[in-house]
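Peer 1: Take this structure, written in structure tokens, and hold onto it; I'll ask about it next.
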Amino acid sequence: MHYAADGGGAGGFTPILMIALLFGVMYFMMIRPQQKRRREAESMQSNLSVGDEVVTIGGLYGTVTGVEDDSVLLEVAPGVQTRYARPAIARVVTPVERPVESPAEESDSVKD
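What the sequence shown shows, in numbering that gives the first Met the number 0, is residues 0 to 111, in sequence order.
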């Protein structure tokens, strides 16, 4: 009895299928989400407008006072303006992300 010809063809196809499956999983788990984040960041950076409160990739908070083709002018303190490249803007800050408590609210919470 000679069994070598019975299962020899399927053995060569399995490793190729596993490699293709691995690349497919890597694409959907790593590459595709990264591309989506990059598109969202580019969209946010291109839609910046005067008055937006932003955070740079270095962690500096500022308010947009001017917008040019490839740069943004930020006011980081009263009367202090700096120029940043658009890709250096990490995100637009909303008032919900940075709540500010007034002194009256702090004293009320201490009494309770």
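Here a beta-carbon is modelled for each residue, glycine too, at the ideal position from N, C-alpha and C. Source: prediction; values computed, not measured.
At 3 residues or longer, what runs of the beta strand (DSSP E) sit wholly inside the stretch 22-86?
Peer 2: Segments of the beta strand (DSSP E) lying fully in the stretch 22-86: 52-55, 60-66, 70-76, 79-84.
Peer 1: Quick check on Val92: does DSSP put it in helix, strand or coil?
Peer 2: As a position in the sequence shown, residue 92 is number 93, starting the count at 1. Looking at Val92 - three-state DSSP - the assignment turns out to be coil, as it is neither helix nor strand.
Peer 1: Do Gly78 and Leu72 have their C-beta atoms closer together than 8 Å?
Peer 2: Taking the first residue of the sequence shown as 1, we reach residue 78 at position 79. Taking the first residue of the sequence shown as 1, we reach residue 72 at position 73. Result no, Cβ atoms of Gly78 and Leu72 do not sit closer than 8 Å.
Peer 1: Is Asp51 buried or exposed, if buried means 16 or more other CB atoms sit within 10 Å of its CB?
Peer 2: Your numbering for residue 51 matches position 52 in the sequence shown. The residue in question, Asp51, is buried, as its Cβ has 16 or more Cβ neighbours within 10 Å.
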